[in-house]
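*Asks:* Adding 1 to a residue's 1-based position in the sequence shown gives its number in this note's numbering.
Think of the CB as a built atom: it goes at the ideal place given N, C-alpha and C, for glycine as much as any other residue.
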Amino acid sequence: MAHTTKAGVDIDRVRAALAPVLAAHGLALVDLEWGTDRGQWTLRLFIEREGNTSVSGGVTLDDCSEVSRDASAVLDVEDLIPHHYNLEVSSPGLDRKLRTEAEFRRFQGKLAKVKLKTAASDGQKLLRGHIESAPPGRVAVLVDGKRIEVAYDNVVDAHLVFELETHAKPKKGARPAKATRGKEPRKSKQT
2 MAHTTKAGVD IDRVRAALAP VLAAHGLALV DLEWGTDRGQ WTLRLFIERE GNTSVSGGVT
62 LDDCSEVSRD ASAVLDVEDL IPHHYNLEVS SPGLDRKLRT EAEFRRFQGK LAKVKLKTAA
122 SDGQKLLRGH IESAPPGRVA VLVDGKRIEV AYDNVVDAHL VFELETHAKP KKGARPAKAT
182 RGKEPRKSKQ T
């Protein structure tokens with residue numbers, strides 16, 4: 002079996018070493034990034050709670066801290082990384098990357114940006130819209146009311162776009178309606 006090696010680090014072995022650490026905390030590894038950041042080697046772990054359906058992954062700061070401590074100990078004992086490095090652990094975030102077809106299916110209905118290798122049928126290479134569906138090998142995005150379907154292997158990069166739910170604000174000077182729950186309406190006097 003071929004292993005994924007990047008800058009002298011066997012990424013598959015690192016993932017395998019981290020799996021029991023994450024499982025012990027009821028967490029899963031969403032992604033792992035290994036590379037340099039501002040001249041420093043950095044290992045980034047993106048984690049989420051097993052079975053969680055929220056966009057953010059349901060991860061707390063305590064989860065990140067505990068995984069960082071335990072993962073650091075395991076990686077030091079296993080000696081899988083020959084460089085001095087920084088370890089960062091976080092949730093995937095509200096603008097999480099979409100890396101697999103399963104993630105597109107999981108986040109159907111959510112707003113996303115999808116960058117393509119070659120333009121879609123309407124000429125666009127960058128789609129911003131709601132994920133409508135993800136049939137095998139395809140991704141359908143609803144852009145300005147128009148359904149655009151592309152091959153999954155035409156996707157270069159994709160991530161969710163955070164949508165702030167807005168509620169209509171009352172007009173300035175408007176008084177809120179009085180609640181009438183449980184009260185009988187007043188009857189007008191007739192003379």
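State the Cα-Cα distance for the pair Thr181 and Pro21, rounded to the nearest angstrom.
*Replies:* Taking the first residue of the sequence shown as 1, we reach residue 181 at position 180. Taking the first residue of the sequence shown as 1, we reach residue 21 at position 20. Reliability of the predicted coordinates at Thr181 is poor, the pLDDT of 47 falling under 50, and no value is obtained from them.
*Asks:* Under the rule that 16 or more other beta-carbon atoms within 10 Å means buried, what is Asp80, buried or exposed?
*Replies:* For the purposes of this step, residue 80 is taken as the residue at position 79 of the sequence shown. When all chains shown are included, Asp80 counts as exposed.
*Asks:* Out of Gly52, Val56 and Asp71, state which residue places its alpha-carbon closest to the alpha-carbon of Ala18.
*Replies:* For the purposes of this step, residue 18 is taken as the residue at position 17 of the sequence shown. Among Gly52, Val56 and Asp71, the Cα nearest to that of Ala18 belongs to Asp71.
*Asks:* In its own chain, which residues sit with a C-beta less than 8 Å from the C-beta of Lys147, not counting the 5 before and 5 after it?
*Replies:* Taking the first residue of the sequence shown as 1, we reach residue 147 at position 146. Excluding residues within five positions, the ones whose Cβ falls inside 8 Å are Asp123.
*Asks:* In angstroms with no decimal places, state the Cα-to-Cα distance between Arg39 and Arg139.
*Replies:* Within the sequence shown, residue 39 is the residue found at index 38, counting from 1. Within the sequence shown, residue 139 is the residue found at index 138, counting from 1. Answer to the nearest angstrom: the Cα atoms are 37 Å apart.
*Asks:* Report yes or no: do the segment 104-116 and the segment 62-69 share at least 3 C-beta pairs separated by less than 8 Å?
*Replies:* With a cut-off of 8 Å, the segment 62-69 and the segment 104-116 do not count as touching, because too few Cβ pairs lie within range.
*Asks:* Between the C-alpha atoms of Ala29 and Arg16, what's the straight-line distance to the nearest angstrom?
*Replies:* Here the question's residue 29 lines up with position 28 in the sequence shown. Here the question's residue 16 lines up with position 15 in the sequence shown. Going from the Cα of Ala29 to the Cα of Arg16 covers about 11 Å.
*Asks:* Suppose you measure from the CA of Asp32 to the CA of Asp145; what does that come to, to the nearest Å?
*Replies:* Your numbering for residue 32 matches position 31 in the sequence shown. Your numbering for residue 145 matches position 144 in the sequence shown. If you take the alpha carbons of Asp32 and Asp145, they lie about 31 Å apart.
*Asks:* Go ahead and pull the three-state DSSP assignment for Ser134.
*Replies:* Sequence index remark: in the sequence shown, residue 134 carries index 133 (1-based). Strand.
*Asks:* Which full runs of the alpha helix (DSSP H) of 4+ residues lie inside the segment 77-165, going along the chain?
*Replies:* Whole alpha helix (DSSP H) segments, 4+ residues: 102-107.
*Asks:* So, using beta-carbon positions, are Leu161 and Val90 closer together than 8 Å?
*Replies:* Taking the sequence shown and counting its residues from 1, one reaches residue 161 at position 160. Taking the sequence shown and counting its residues from 1, one reaches residue 90 at position 89. No, these two residues do not count as a Cβ contact at 8 Å.
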